[in-house]
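These notes concern the structure reproduced below.
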Amino acid sequence: MNASFETVSIVTSTGFGVADFSTWPLFLPVLMIFISFVGGCGGSTAGGMKVMRMMVLAKLGFREVRCLQHPRGQFPVRVGERVLGERTLQSIAGFFAVYVLTFGLLMLCMMATGADQVTAFSAIATCMNNLGPGLGEVTVDFIGVSPLGKLVSVIAMLAGRLEIYTVLVLFYPGFWHD
Numbered sequence: 000m001n002a003s004f005e006t007v008s009i010v011t012s013t014g015f016g017v018a019d020f021s022t023w024p025l026f027l028p029v030l031m032i033f034i035s036f037v038g039g040c041g042g043s044t045a046g047g048m049k050v051m052r053m054m055v056l057a058k059l060g061f062r063e064v065r066c067l068q069h070p071r072g073q074f075p076v077r078v079g080e081r082v083l084g085e086r087t088l089q090s091i092a093g094f095f096a097v098y099v100l101t102f103g104l105l106m107l108c109m110m111a112t113g114a115d116q117v118t119a120f121s122a123i124a125t126c127m128n129n130l131g132p133g134l135g136e137v138t139v140d141f142i143g144v145s146p147l148g149k150l151v152s153v154i155a156m157l158a159g160r161l162e163i164y165t166v167l168v169l170f171y172p173g174f175w176h177d
């Protein structure tokens with residue numbers, strides 16, 4: 000029962016915990032953290048990349064495989080009965096790329112503050128996906144994380160909660176000049 004509660008809590012990014020999932024076999028908490036990247040539905044306050052984007056990315060991936068088999072074929076990506084335009088697909092693929100690059104960069108920054116790989120991965124995933132529980136030094140809280148590591152965590156939280164594009168546009172010089 001505790002495992003079910005923890006799984007639902009992590010997938011929905013409510014942040015509640017009834018068990019110390021860091022004591023479970025490492026495969027399970029890592030799997031649940033990976034599932035958290037899917038996140039909630041569009042428009043929700045749940046963390047992660049959102050279910051709709053992940054679904055469209057999967058369909059886009061399958062379309063690319065079909066295009067390798069049939070180079071001249073036209074294979075529209077549909078959500079329900081609606082055909083998604085190429086601009087929409089590019090936007091979703093771009094968001095995924097920026098999300099992964101941001102995650103990787105923030106994870107490297109966290110490691111540069113002295114955190115081990117598991118703690119850095121878990122801390123950034125926890126912050127960007129609004130999870131709650133983590134692994135390593137951040138199993139219970141971030142008290143053992145260095146001040147610089149906490150700053151990296153704050154940036155990750157902002158990127159996750161406000162959506163990455165919203166945060167990145169603040170660093171774009173043209174935003175401040177117009």
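Under numbering that gives the first Met the number 0, the residues of the sequence shown are numbered 0 to 177, in order. Ideal Cβ placement from N, Cα and C applies to all residues, glycine included.
Contact check, residue i vs residue j under 8 Å by CB: the rounded distance?
| i | j | result |
| --- | --- | --- |
| Ile32 | Ser121 | 6 Å |
| Gly135 | Thr118 | 3 Å |
| Leu88 | Val76 | 6 Å |
| Phe74 | Arg86 | Not confirmed; about 17 Å, so no contact. |
State yes or no: is the C-beta of residue i within less than 8 Å of the C-beta of residue j?
| i | j | result |
| --- | --- | --- |
| Ser21 | Asn128 | no |
| Gly131 | Phe26 | no |
| Cys66 | Gly72 | yes |
| Ser145 | Cys126 | no |
| Ile154 | Leu105 | yes |
| Ala124 | Gly148 | no |
Apart from the five residues just before and just after residue i, which ones in its own chain have a Cβ nearer than 6 Å to its Cβ?
| i | result |
| --- | --- |
| Gly38 | Ala45, Gly46, Gly47, Met48, Lys49 |
| Cys40 | Val50 |
| Val17 | Asn1, Phe4 |
| Val166 | Leu157, Ala158 |
| Ile9 | Met31, Ser35, Leu130 |
By Cβ distance below 7 Å, which residues in the same chain neighbour residue i in space, the five residues on each side in sequence not counted?
| i | result |
| --- | --- |
| Gly159 | Gly46, Cys126, Met127, Asn128, Asn129 |
| Leu30 | none |
| Thr6 | Met31 |
| Val137 | Thr118, Ser121, Ala122, Thr125, Val144 |
| Gly133 | Ser121, Ala122, Thr125 |
Please return the same chain residues whose Cβ sits closer than 8 Å to the Cβ of residue i, not counting the five positions on each side in sequence.
| i | result |
| --- | --- |
| Ile163 | Phe94, Val97, Tyr98, Thr101 |
| Val168 | Phe174 |
* Take every Cβ of the segment 107 to 115, pair it with every Cβ of the segment 170 to 177, and state whether three or more of those distances are shorter than 8 Å. => no
* Asked: Is there contact between the segment 42 to 50 and the segment 133 to 150, where contact requires at least three CB pairs shorter than 8 Å?
  -> no
* **the segment 91 to 104 contacting the segment 53 to 65, beta-carbon criterion three pairs below 8 Å** => yes
* Asked: For the segment 32 to 95, which segments carrying the alpha helix (DSSP H) assignment without a break, of at least 4 residues, lie completely within its bounds, in sequence order?
  -> 50 to 68
* To do: Taking only runs that begin and end inside the segment 95 to 142, name each unbroken beta strand (DSSP E) of 3 or more residues, in chain order.
  => none
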